[in-house]
Amino acid sequence: MRTRLPIGDSAITFRADQPTTMKERLAAFGAGLRARSGLIMAGVIAMFLVAMGITASAAWRWAFHDLPPVPEQAEELWRVRMEPTVTLLDSDGTVLAIRGPLYGMPARLADLPEHVPQAFLSIEDRRYFEHPGVDWRGTARALFANLRAGRTVQGGSTITMQLVKNLILTPERTMRRKIQEMRLAIALEENLTKEEILELYLNRIYFGEQAYGIEAAARRYFNKPASELTVQEAALLAALPAAPSRLAPTDNLAEAQARAANVLAAMRDAGFLSPMDYLVAASTQAEPVESAFQPGGALEYGHLFDYALTEARRLLGPDNDVPDLVIETTLDTRLQNAAQTAVRERLERDGESVRASEAAAVVLASDGAVRAMVGGRDYTTSQFNRAVQARRQPGSAFKPIVYLAALEDGYSATSVFNDAPVNFDGWAPVNFGGGFRGRMTMEDALKRSINTIAAQVGMLVGLHDVAEMATRLGITTPMNPVPSLSLGSSEVRVIDLTAVYLAIANDGRRTDPYFVTEVRTTRGDVIYTREPARTQQVITRNDARAMSTMMQGVILDGTGRRAALPGRRPAAGKTGTSQNSRDAWFAGYTAQFTTAVWTGNDDDSPMANVTGGALPADIWRDIMAAAHEGLAVEPLSAPPPRVRTEREERLLTYYSELSVAFGRLRGG
C-alpha cells in the first residue's frame with residue numbers, strides 16, 4: 039500500500055511500511071547490506087568453484103591428456119614392447135645363439151611351483167590380491183618413509199603398477215607419470231584378472247643379463263626350466279627385478295644372495311613358508327650354474343645365424359613382420375664345432391705357407407639337411423658367407439657332371455679316349471703338371487683328372503647338355519656353355535656343388551639342401567613348419583652308380599688319396615683346382631654324409647700350387663672323420679672299382695705309352 043503526501047506543487051510517494059525514523063532507516067540499511075553480503079559471498083564461492091573446476095580440468099588435462107588406452111585383453115600385452123630378437127636352435131632344440139634380448143617360452147602359473155609366484159608376491163606386493171591395482175596403504179607408508187628419510191627409500195608400486203610402467207608408460211620418474219601409473223593400474227585390474235596380470239608380470243619383467251621373463255631367467259642363471267626352480271632359486275630370481283643390472287648374480291652374487299635372504303624372510307612373514315621350511319631354505323644359498331646358457335653365440339655361429347635368418351624370412355614371405363623369431367635348424371652342433379675347428383686349425387697350420395687365407399665347407403645328411411656349414415675362417419673379421427654367397431670356379435670338381443652327361447649319352451666308364459693335344463676355337467687345354475698319357479678309359483681320365491679328355495667329352499656330348507645336366511643336378515648359378523665349361527670355368531656355390539654330389543650319392547635322386555625346420559615366436563606360436571620335400575630322379579640309378587664307382591677310384595688311387603677316411607670307410611669324391619690355383623676343392627660322400635670344401639682367397643689371388651687333393655682334401659677328411667665318429671661302416675650303393683690284374687695294368691701301360699709314341703711321331 040502506498041501513501042501520497044502533497045508538498046507544494048509536488049508530492050512524494052512512500053510505501054506505508056518504509057522506515058521513517060533514523061533508527062528504522064539504519065536497521066533497513068543493515069539488512070540490505072547483509073543481503074548484499076550474502077550475494078557477494080555466494081558470488082565468491084561460485085567464482086572459487088569455477089576456478090577450482092578450471093584448475094581441476096587443467097590438472098586433469100596435464101595428467102591424462104596423453105594417457106594411452108588400457109588393453110582389454112591380456113593377449114595385447116604379451117608382445118608389446120618386445121625388442122626384435124632371434125634365437126637359433128640346433129636339431130636337438132638346444133639354443134646356439136641369440137641376437138637381441140633373451141625371451142623365454144611363456145610360463146603359465148599353473149605350470150609353476152607355488153613358491154615361484156609366492157617369492158615375488160612376498161617381496162614386491164604382499165597385498166596383491168587385496169588391492170584394486172594401487173595399494174593406498176602401501177603408498178602412504180612409502181610416502182611417509184621417504185619424507186622422513188629425505189630421499190626415496192620405498193617405492194610403493196604394486197605388481198600391477200610395475201607392469202603398467204614397463205609395458206604401457208614411459209620409464210620417466212615424475213609425479214605426472216606416477217599418477218598415470220596409478221590410474222592405469224586400476225583400469226587394468228578392471229579388465230584383467232589378478233592371475234592374468236601376475237602371469238604377465240612374471241613373463242615380462244627384466245632379470246638382467248638380457249633375460250626377460252621367469253623362463254628366460256631360469257635358463258640363463260640355472261640352466262633349467264622355470265617349472266623346476268627350487269625355493270632358493272625362486273627367491274634369488276625374485277630379488278633381481280628391484281635392480282636387475284646391479285644385482286645380476288653373474289656379476290654381483292653376494293649382494294643378490296643377500297637380497298634373496300630378505301625374500302625368504304618375507305615369504306616366512308607372509309605365511310608362504312613355515313618356520314622349519316624357512317630354516318631349511320635359508321641354510322643353502324642358490325648359485326648360478328657354470329654351464330648355463332650365456333647370451334651371445336651370434337659371433338661364434340655368425341655365418342649360420344645370418345643364413346638361418348635369411349632362410350626364415352624367405353620361407354615366411356615378405357608380409358610376415360614378426361620381430362621375435364625362434365628358428366629351429368638341422369644343425370648338428372658337435373659336427374659344426376668339429377668342422378669349424380678343422381678349417382681354423384688347417385688354415386693356421388698350413389694356410390700361410392701356401393698363401394690360402396679362407397675356406398668354406400658344407401656337410402649334408404642324406405636327406406639334404408645341412409648338418410654343418412663353415413662360411414669362413416672368422417665371422418668377426420668377415421661376415422661374408424663363402425658357403426652360400428661366394429661364387430667360385432670348381433675346376434675339375436665339375437668333371438663328374440660332364441661325365442654324367444656322357445653316360446646319359448651312351449658312353450660308359452670303359453669308353454676309351456686319347457689324352458693328346460686338342461684345340462677348340464683357339465682354346466687348348468693342358469693337364470696339370472704338363473704332358474699327355476695317350477689312350478685311357480673315361481674312368482681313368484676322371485681318376486687322374488685329365489683335362490684334355492674332359493674337354494673332348496664335353497664337346498662330344500654338347501656343352502648345352504652339360505650345362506643342363508649341371509642345372510638338373512642342383513647348380514643354381516648361370517652356366518656358360520663355352521668349351522672351358524667342361525673344366526669348371528663357370529662359377530658355382532659351395533652349397534650347390536654339395537647338392538650335386540648328394541644327388542649322385544642318392545642314386546640320382548635330387549634333394550635340395552634345407553636348414554630351417556620350424557619357425558615360431560617366443561610365445562611358442564608356430565608360424566612355419568617344414569613339410570617333407572619330394573625327391574626328384576634327375577639321372578638314372580645306373581648312371582649315378584657308375585659315376586659313384588668311378589669317383590671311389592679317385593680316393594682309392596687317384597688324385598684324392600689324401601681324403602681316404604680311417605677304417606677303410608667307403609667314400610667317393612673328386613678334387614678340383616682352378617687356373618693358377620685360385621680355387622681348390624674337394625667334394626665327396628659316404629653312405630651317411632656329403633661334404634664339399636673350398637679353399638682360396640677373397641681377392642682371387644692365386645695360392646702357392648694348392649690343389650684339391652692337398653689342403654681341401656685334408657680339411658674334408660678331418661670333417662668327415664668327425665662326422666662318422668661312433669657310426670657303423672656302411673657300404674656305398676655303388677660297388678668299388680674293379681681292381682685290374684697285373685697283366686691288365688701292364689697292357690694298359692703299354693698301349694698308353696705306344697699311343698704317346700705314335701702321337702709324337704705324327705707331331706714330328
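Note that my numbering has the sequence shown beginning at 39, numbered continuously upward.
Where a beta carbon is used, it is the ideal one built from N, C-alpha and C, also for glycine.
If you're wondering where the values come from, they're calculated on a predicted model, not measured in any experiment.
Under the three-state reduction of DSSP output, L140 falls in the strand class. Setting aside the 5 residues that flank it on each side, V576 is surrounded in the same chain by R510, L511, A541, G546, R548, each with a C-beta closer than 7 Å to its C-beta; the list follows chain order. When the beta-carbon positions are compared, A444 and V495 come within less than 8 Å of each other. Under the DSSP definition of a beta bridge, Q575 partners with R547. Per the C-alpha coordinates, the member of T479, E234, F470 positioned closest to L525 is F470. When rounded, the separation of the alpha-carbon atoms in L501 and P521 is 7 Å. Within its own chain, the residues whose Cβ lies closer than 7 Å to the Cβ of P644, once the five positions on either side in sequence are excluded, are N618, S619, R620, listed in chain order.
The beta-carbon distance between A324 and L302, rounded to whole angstroms, is 10 Å. This is too long to meet the 8 Å contact definition. Counted as a single uninterrupted DSSP element, the alpha helix (DSSP H) harbouring V495 occupies residues 489 to 499. Taken through DSSP and simplified to helix, strand or coil, L267 comes out as coil. Counting only runs of 3+ residues, the beta strand (DSSP E) found wholly inside the segment 563 to 609 occupies 564 to 567, in chain order. Fewer than three pairs of CB atoms, one per stretch, sit closer than 8 Å, so the segment 423 to 442 makes no contact with the segment 455 to 465. For the pair of segments examined, the segment 144 to 157 was found not to touch the segment 366 to 382: the number of CB pairs separated by less than 8 Å stays below three. Here K612 carries a strand assignment [DSSP, helix/strand/coil]. Where N204 is concerned, the enclosing alpha helix (DSSP H) starts and stops at 197 to 205. In the DSSP assignment, the residues bridged to T123 are D362.
Counting of Cβ neighbours within 10 angstroms places W658 among the buried residues, the total reaching 16 or more. For the segment 302 to 332, the continuous alpha helix (DSSP H) assignments of 4+ residues that do not extend past its boundaries occur at 313 to 320, in sequence order. Rounded to whole angstroms, the Cβ separation of P151 and Y250 is 21 Å, and the two are not in contact under 8 Å.
Each residue's CA atom was taken as its position, placing T613 and P678 some 18 Å apart. Pairwise C-beta distances place the segment 637 to 655 out of contact with the segment 552 to 567, as fewer than three of them are shorter than 8 Å. Spatial neighbours of M517 in its own chain (CB-CB distance under 7 Å, excluding positions within 5 residues in sequence) are listed in chain order as A505, A508, T509, L523, S528. Using a 10 angstroms sphere on the CB of S312, the tally of other CB atoms stays under 16, which defines it as exposed. Residue pairing by DSSP places E396 opposite G638 in a beta bridge. For V440, the enclosing alpha helix (DSSP H) begins and ends at 437 to 446.
Only exposed fits P122, as fewer than 16 other CB atoms lie within 10 angstroms of its CB. The Cβ atoms of V172 and I224 lie closer than 8 Å to each other.
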